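From first to last, the protein sequence lines stand for chains X and P. The opening residue of the first sequence carries number 1 in UniProt numbering; numbering runs sequentially from there. The opening residue of the second sequence carries number 1 in UniProt numbering; numbering runs sequentially from there. Heads up: the structure comes next, in structure tokens.
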Amino acid sequence: MTVRHVIADRRTTAGGPSAGLPAAAGMSLKPAYYREVLGLDDRDLWVEVHPENYMVEGGPRLAWLEAIRAERPLSFHGVGASLGGDEPLDQDHLAWLTALVDRFQPDSISEHATWSACNGHYLADLLPLPRTDEALAILCRHVEQFQEAIGRTILLENPSVYLPLAGDIPEPEFLAEAAKRTGCGLLLDVNNVYVSAHNVGYDPKRYLDAFDLDRVGEIHIAGHDADPNHGDALLIDTHAAPVRMGVWELLDYVLERAGPKPVLVERDAELPAFGTMLAECRAADRRIALNRDRADARDAQGAARLARA
Amino acid sequence: MPALKVYQEGMRAVVIGGDPVQLADHGADPADTWRAAVYRNTYAAGCAEALGSSFPAVSALVGRDYFRALAQAYVGEHPPSRRSLVGYGAAMADFLRSFPPVAELAYLPAVAALDRAWLEAHVAADAEPMTAEHAAALESAGGLDSVAVDLHPSVQRIALNWTVYPLWKALRAGETPGEEALQLSRAEDAVLVWRPGQEVRHRRLSGAEAAFLGETDGGGTLGEGADAAARADPDADIAPLFAQLLHDGVLVQPPQAA
Numbered sequence: 001m002t003v004r005h006v007i008a009d010r011r012t013t014a015g016g017p018s019a020g021l022p023a024a025a026g027m028s029l030k031p032a033y034y035r036e037v038l039g040l041d042d043r044d045l046w047v048e049v050h051p052e053n054y055m056v057e058g059g060p061r062l063a064w065l066e067a068i069r070a071e072r073p074l075s076f077h078g079v080g081a082s083l084g085g086d087e088p089l090d091q092d093h094l095a096w097l098t099a100l101v102d103r104f105q106p107d108s109i110s111e112h113a114t115w116s117a118c119n120g121h122y123l124a125d126l127l128p129l130p131r132t133d134e135a136l137a138i139l140c141r142h143v144e145q146f147q148e149a150i151g152r153t154i155l156l157e158n159p160s161v162y163l164p165l166a167g168d169i170p171e172p173e174f175l176a177e178a179a180k181r182t183g184c185g186l187l188l189d190v191n192n193v194y195v196s197a198h199n200v201g202y203d204p205k206r207y208l209d210a211f212d213l214d215r216v217g218e219i220h221i222a223g224h225d226a227d228p229n230h231g232d233a234l235l236i237d238t239h240a241a242p243v244r245m246g247v248w249e250l251l252d253y254v255l256e257r258a259g260p261k262p263v264l265v266e267r268d269a270e271l272p273a274f275g276t277m278l279a280e281c282r283a284a285d286r287r288i289a290l291n292r293d294r295a296d297a298r299d300a301q302g303a304a305r306l307a308r309a
Numbered sequence: 001m002p003a004l005k006v007y008q009e010g011m012r013a014v015v016i017g018g019d020p021v022q023l024a025d026h027g028a029d030p031a032d033t034w035r036a037a038v039y040r041n042t043y044a045a046g047c048a049e050a051l052g053s054s055f056p057a058v059s060a061l062v063g064r065d066y067f068r069a070l071a072q073a074y075v076g077e078h079p080p081s082r083r084s085l086v087g088y089g090a091a092m093a094d095f096l097r098s099f100p101p102v103a104e105l106a107y108l109p110a111v112a113a114l115d116r117a118w119l120e121a122h123v124a125a126d127a128e129p130m131t132a133e134h135a136a137a138l139e140s141a142g143g144l145d146s147v148a149v150d151l152h153p154s155v156q157r158i159a160l161n162w163t164v165y166p167l168w169k170a171l172r173a174g175e176t177p178g179e180e181a182l183q184l185s186r187a188e189d190a191v192l193v194w195r196p197g198q199e200v201r202h203r204r205l206s207g208a209e210a211a212f213l214g215e216t217d218g219g220g221t222l223g224e225g226a227d228a229a230a231r232a233d234p235d236a237d238i239a240p241l242f243a244q245l246l247h248d249g250v251l252v253q254p255p256q257a258a
């Protein structure tokens with residue numbers, strides 16, 4: 001079997017838009033939560049980490065992740081690849097990531113439709129792309145190279161936007177086209193949609209109506225905050241607060257249309273007590289279940305109609 | 001519209017502190033460019049936070065706000081290049097040594113060196129330390145003197161020129177430093193920081209121990225290490241010194257004897 005065959009096999013078993021995460025709530029796994037997550041009696045809860053935080057030789061972080069991974073599904077959510085950057089992918093980063101993927105065999109791997117580095121300088125942020133044909137072509141080339149290097153397909157996440165840039169292609173179309181060209185799936189961050197719609201001035205539901213929900217393998221929800229200087233004029237995707245009501249409502253809107261999906265409650269700062277975090281995950285679970293029941297009921301009605309016909 | 005590369009170079013300039021007006025070339029409404037401050041703040045805060053978590057004792061000594069300003073200056077001089085901020089800040093001790101605003105806190109680089117050593121030990125490769133049983137087996141198989149051992153991959157030997165170790169130790173433990181720990185003076189000191197299992201440990205290193213570890217780290221045998229220790233301190237008792245290092249899990253068995 002050639003290397004290409006091996007990669008193709010791994011893709012079909014472990015990657016793809018419907019990646020291996022359960023259609024249940026997931027939690028951002030932070031070191032402060034290791035102790036409570038290990039051995040937790042919650043069968044469906046899955047966890048997500050930024051692999052960049054595990055790009056180390058050894059030590060307790062990796063040991064904790066290994067122990068927790070043995071118990072539950074794991075998602076790698078990368079922040080350092082700079083897939084939209086107009087310079088070659090960072091080989092050192094790819095080598096670290098590939099080693100982590102081989103070791104932990106995550107059920108899903110995701111990255112962002114953004115860029116983070118320029119002239120070898122890592123800017124430690126997910127910076128927006130102008131949605132032009134040129135940027136789309138560069139993004140697609142890098143997604144393909146990235147998938148090839150790690151031997152897996154990925155999910156590509158929509159950005160949070162603070163500053164409107166010129167670009168002819170509407171964002172849902174831009175992302176759908178990237179997915180179509182590269183075979184990757186999409187990660188729909190509902191909080192990013194909420195924040196961007198507010199900041200840039202579009203209707204989040206129309207955005208979601210245009211989004212290719214069939215390709216969505218994971219959903220993110222998170223908290224945001226008003227800008228400390230400009231107030232509500234600018235919402236910041238801080239991941240430092242509970243999920244806001246408007247975001248829960250958009251999540252329902254998506255789940256009603258897309259059916260049950262894995263939903264991550266994303267939190268990176270101002271971490272609450274573990275119990276609070278878990279309660280928020282369970283709230284997400286209830287919404288997934290509610291929409292599953294609705295979808296089942298619709299299916300049952302449809303089947304009954306067919307049987308009568 | 002300018003090429004993607006031109007936009008990214010413009011945005012990079014904005015992120016590191018440049019004028020956002022140049023983004024107008026890329027379709028950003030000039031009235032909107034104040035929004036680009038979000039990207040600048042995210043970059044600055046992200047780097048400062050990474051440095052703060054890597055240098056908690058330095059941060060505690062100068063205070064959070066001051067540390068943030070100090071971090072900004074560090075980021076300007078040593079911007080991150082690796083795509084992970086874990087381990088960012090390798091040049092901190094040297095930076096502090098030549099950063100005029102902290103010139104009066106001449107002991108600060110020594111504190112930074114200890115913080116850095118803690119982090120290096122924390123993320124170093126895992127390895128099974130050599131035990132007293134291993135050593136006994138080697139001894140009965142033909143003697144220890146000719147055996148070359150390796151230092152555990154987490155071992156950091158820090159030579160200090162200030163008596164900051166008790167202060168640093170208190171700060172790392174989250175304790176209020178006592179009177180004695182606050183009496184800082186210039187003096188040679190050496191500290192061992194390592195991680196035999198999953199927990200980072202640290203202690204003072206005697207001159208004989210430092211010489212012993214320096215020799216074995218350079219590929220020397222245990223016999224040569226013992227000679228070096230004796231040269232450094234003619235009164236040192238080598239057998240208990242070696243037993244203590246074994247007990248602490250500082251050494252690993254050479255590959256050929258494993």
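Where is the CB? At the ideal position from N, CA and C, for every residue including glycine. Everything numeric in this text was worked out from a predicted model, so none of it was measured.
request  = Within the same chain, show all residues whose beta-carbon is closer than 6 Å to that of Thr182 (chain X), passing over the 5 residues directly before and after it, in chain order.
outcome  = Excluding positions up to five away in sequence, the list reads Cys140, Val143, Glu144.
Spatial distance of Ala176 (chain X) from Ile150 (chain X) (CA atoms) = When the Cα atoms are used, Ala176 (chain X) and Ile150 (chain X) turn out to be separated by approximately 22 Å.
key: Option in P:Leu105, P:Tyr43, P:Val149 with minimal Cα separation from Tyr66 (chain P)   = With distances taken between CA atoms, Tyr66 (chain P) lies nearest to P:Leu105 out of P:Leu105, P:Tyr43, P:Val149.
request  = Run down chain P in chain order and give the residues with a C-beta less than 7 Å from the C-beta of Lys86 (chain X).
outcome  = Residue identity differs from the one stated: residue 86 (chain X) is Asp in this sequence, not Lys. Counting only Cβ-Cβ distances below 7 Å, Asp86 (chain X) has contacts in chain P at Leu4, Lys5, Gln8, in chain order.
request  = Between the Cα of Arg82 (chain P) and those of X:Asp189, X:Val37, X:Asn53, X:Pro242, spot the shortest distance and give me the residue it belongs to.
outcome  = Of the candidates X:Asp189, X:Val37, X:Asn53, X:Pro242, the one whose C-alpha sits nearest the C-alpha of Arg82 (chain P) is X:Asn53.
query = Given a threshold of 16 other Cβ atoms within 10 Å of its Cβ, counted over all protein chains shown, does Ser75 (chain X) qualify as buried or as exposed?
reply = Classification for Ser75 (chain X): buried.
task = Within the region 163-211 of chain X, note down every full alpha helix (DSSP H) run reaching 4 residues or more, in order along the chain.
result = Runs of alpha helix (DSSP H) with 4 or more residues, each lying fully within the region 163-211 of chain X, are found at 171-182, 190-196, 204-210, listed in chain order.
request  = With 8 Å as the threshold, decide whether the Cβ of Ala173 (chain P) is near any Cβ in chain X.
outcome  = Under the 8 Å criterion on CB atoms, Ala173 (chain P) is classed as non-interfacial with respect to chain X.
key: Ala210 (chain P) - containing alpha helix (DSSP H), residue span   = For Ala210 (chain P), the enclosing alpha helix (DSSP H) starts and ends at 207-217.
query = Mind pulling the alpha helix (DSSP H) runs of 4 or more residues that sit fully within the region 144-223 of chain P?
reply = Runs found: 165-172, 179-182, 207-217.
query = At a Cβ threshold of 8 Å, is Cys118 (chain X) touching chain P?
reply = Look at Cys118 (chain X): its C-beta is under 8 Å from a C-beta on chain P.
query = Between the Cα of Glu133 (chain P) and the Cα atoms of P:Arg12, P:Gly174, P:Ala232, P:Gln253, which residue gives the shortest distance?
reply = Checking every option, the nearest Cα to that of Glu133 (chain P) belongs to P:Gln253.
key: As assigned by DSSP and simplified to three states, the class of Val243 (chain X)   = The answer is coil: DSSP assigns Val243 (chain X) none of H, G, I, E or B.
query = Can you list the beta strand (DSSP E) stretches of 3 or more residues lying completely in the region 251-291 of chain X, in chain order?
reply = If we require 3 residues or more, the beta strand (DSSP E) runs fully inside the region 251-291 of chain X come out as 263-266.
ask   = In chain order, what residues of the same chain lie with their CB nearer than 8 Å to the CB of Trp34 (chain P), ignoring the 5 residues before and after it?
value = Shown here for Trp34 (chain P): same chain residues with a beta carbon closer than 8 Å to its own, the five before and five after excluded, namely Pro20 in chain order.
request  = Let me know the secondary structure DSSP gives Val6 (chain X) once reduced to three states.
outcome  = Here the model assigns Val6 (chain X) a pLDDT of 37, short of 50, so the residue's position is not dependable, and the following value carries that caveat. Helix, per DSSP.
ask   = Residues of chain X with CB under 7 Å from Pro80 (chain P), in chain order?
value = Within 7 Å Cβ-Cβ: Tyr122, Ala124.
ask   = When the cut-off is 8 Å and only beta carbons count, does Val21 (chain P) lie next to chain X?
value = At a cut-off of 8 Å between beta carbons, Val21 (chain P) makes no contact with chain X.
message = I need the straight-line Cα distance from residue 332 (chain X) to Lys30 (chain X), nearest angstrom please.
response = Lying outside 1 to 309, the shown extent of chain X, residue 332 (chain X) is not represented and no answer is given.
query = Less than 8 Å separating the beta-carbons of Gly39 (chain X) and Gln198 (chain P)?
reply = No. Outside cutoff.
ask   = Is the CB of Glu36 (chain X) under 8 Å away from at least one CB in chain P?
value = No, Glu36 (chain X) does not count as interfacial toward chain P.
ask   = In chain P, which residues lie less than 7 Å from Val56 (chain X) when you measure between Cβ atoms?
value = Simply Val86, Val123.
query = Is it true that the region 162-171 of chain P meets the region 135-153 of chain P, where meeting means three or more beta-carbon pairs spaced less than 8 Å apart?
reply = No, they do not touch.
inquiry  = Short of 7 Å in beta carbon distance, which residues of its chain neighbour His122 (chain P), apart from the five on each side in sequence? Order them along the chain.
reply    = For His122 (chain P), where only same-chain residues beyond five positions count, the Cβ hits under 7 Å are Arg195, Val200.
query = What residues in its chain sit with their C-beta under 8 Å from that of Tyr33 (chain X), if we drop five residues either side in the sequence?
reply = Excluding positions up to five away in sequence, the list reads Met27, Leu271, Phe274, Met277.
task = Taking only beta carbons into account, state which residues of the region 138-166 of chain X come closer than 8 Å to chain P, listed in chain order.
result = Correct list: Ile138, Tyr162, Leu163, Pro164, Leu165, Ala166.
ask   = Which residues does DSSP pair with Cys47 (chain P) in a beta bridge?
value = Beta-bridge analysis with DSSP links Cys47 (chain P) to no other residue.
key: Cβ distance (whole Å) where Val161 (chain X) is taken to contact Pro128 (chain X) below 8 Å   = Yes, Val161 (chain X) and Pro128 (chain X) are in contact; Cβ-Cβ is about 6 Å, under 8 Å.
ask   = Would you call Met245 (chain X) buried or exposed, if buried means 16 or more other Cβ atoms sit within 10 Å of its Cβ?
value = It is exposed - the Cβ of Met245 (chain X) has fewer than 16 other Cβ atoms within 10 Å.
ask   = Since Gly76 (chain P) is in the alpha helix (DSSP H), which residue starts that stretch and which ends it?
value = Start and end: 64-77.
ask   = Does the pairing of the region 43-52 of chain X with the region 289-302 of chain X give three or more beta-carbon distances under 8 Å?
value = Flag = no, the region 43-52 of chain X and the region 289-302 of chain X do not touch.
inquiry  = Check this for me: beta carbons of Tyr39 (chain P) and Val75 (chain P), under 8 Å apart or not?
reply    = No, the pair does not count as a contact, with Cβ atoms beyond the cut-off.
task = Would you please verify whether the beta carbon of Ala36 (chain P) is less than 8 Å from any beta carbon of chain X?
result = It does: the Cβ of Ala36 (chain P) has a partner Cβ on chain X nearer than 8 Å.
query = Should residue 320 (chain X) be flagged as near chain P, meaning a C-beta pair shorter than 8 Å?
reply = As displayed, chain X neither begins before 1 nor continues past 309, which places residue 320 (chain X) out of reach and without an answer.
query = Using a Cβ-Cβ distance under 8 Å, would Pro106 (chain X) count as near chain P?
reply = Not closer than 8 Å to any Cβ of chain P, the Cβ of Pro106 (chain X) fails to qualify, so no.
query = Hey, how far is the Cα of Thr13 (chain X) from the Cα of Arg287 (chain X)?
reply = Caution applies to Thr13 (chain X), whose pLDDT of 36 falls short of 50 and renders its modelled position unreliable; the value that the coordinates give is listed next. Looking at the two C-alpha atoms, the distance is approximately 28 Å.
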